[in-house]
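Since the structure comes first, as structure tokens, the remarks are kept for the end.
In my numbering, the protein residues as written are 2 to 147.
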């Protein structure tokens with residue numbers, strides 16, 4: 002389970018890194034890098050790959066690693082509670098507060114981020130309602146403003 006979570010986090014972090022490299026190249030040259038579209042880059046925040054379903058898949062992976070380590074320690078000590086819970090709980094509190102700040106700053110910086118927040122789950126995918134892909138498709142079909 003830990004290996005799967007570490008791989009998940011690796012891909013989420015890699016996706017974020019690749020997005021920001023492409024975004025900065027696009028901002029510098031006004032040319033869309035290979036493998037990307039204008040729709041991917043213009044919002045200013047990553048909405049591709051895992052980020053299409055979760056606003057913070059890398060944070061999700063990291064939190065699940067710590068919860069899994071805590072649960073493993075409970076199993077190994079044959080106990081319902083374990084002192085390692087303090088570390089896991091501290092980490093979860095840290096991530097919740099830093100995510101709140103990240104969300105606040107992103108919503109102030111990027112106009113479409115509030116729409117992204119409504120359509121895409123913070124950590125887990127939203128199972129109901131229109132997703133980010135529906136928003137992008139509607140934008141493509143909308144008449145262009147002159």
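A virtual CB, placed ideally from N, CA and C, is assigned to each residue, including glycine. Just so it is clear, the structure is predicted and the values come from calculations on it, not from any experiment.
> What first and last residue would you give for the alpha helix (DSSP H) that runs through residue 104?
Replying inline: On the chain shown, position 103 is the one that residue 104 refers to. It spans 85-110 - the alpha helix (DSSP H) in which residue 104 sits, taken as one unbroken run.
> Between residue 7 and residue 55, is the Cβ-Cβ spacing less than 8 Å?
Replying inline: On the chain shown, position 6 is the one that residue 7 refers to. On the chain shown, position 54 is the one that residue 55 refers to. Their beta carbons are not under 8 Å apart, which means residue 7 does not touch residue 55 by this criterion.
> At which residue ranges does the region 2-64 contain complete alpha helix (DSSP H) runs of 4 or more residues, listed in the order of the chain?
Replying inline: 3-30 and 39-42
> With respect to the alpha helix (DSSP H) encompassing residue 115, which residues constitute its N-terminal and C-terminal limits?
Replying inline: Numbered from its first residue, the chain shown carries residue 115 at position 114. Start and end: 114-120.
>> Looking at residue 60: is its Cβ nearer than 8 Å to the Cβ of residue 100?
In response: Within the chain shown, the letter at position 59 stands for residue 60. Within the chain shown, the letter at position 99 stands for residue 100. Yes.
>> Using only the alpha-carbon positions, how far apart do residue 57 and residue 79 sit?
In response: Numbered from its first residue, the chain shown carries residue 57 at position 56. Numbered from its first residue, the chain shown carries residue 79 at position 78. If you take the alpha carbons of residue 57 and residue 79, they lie about 33 Å apart.
> With DSSP run on the structure shown, which of helix, strand or coil describes residue 80?
Replying inline: Taking the chain shown and counting its residues from 1, one reaches residue 80 at position 79. If DSSP states are grouped into helix, strand and coil, residue 80 belongs with coil.
>> Helix, strand or coil, according to DSSP, for residue 69 in the structure here?
In response: Numbered from its first residue, the chain shown carries residue 69 at position 68. Correct three-state label for residue 69: helix.
>> Does the region 70-79 come into contact with the region 11-21, if we say contact requires no fewer than three beta-carbon pairs (one atom in each stretch) closer than 8 Å?
In response: no
>> Does residue 134 come out as helix, strand or coil in the three-state DSSP assignment?
In response: In the chain shown, residue 134 corresponds to position 133, counting from 1. Residue 134: helix per DSSP, three-state reduction.
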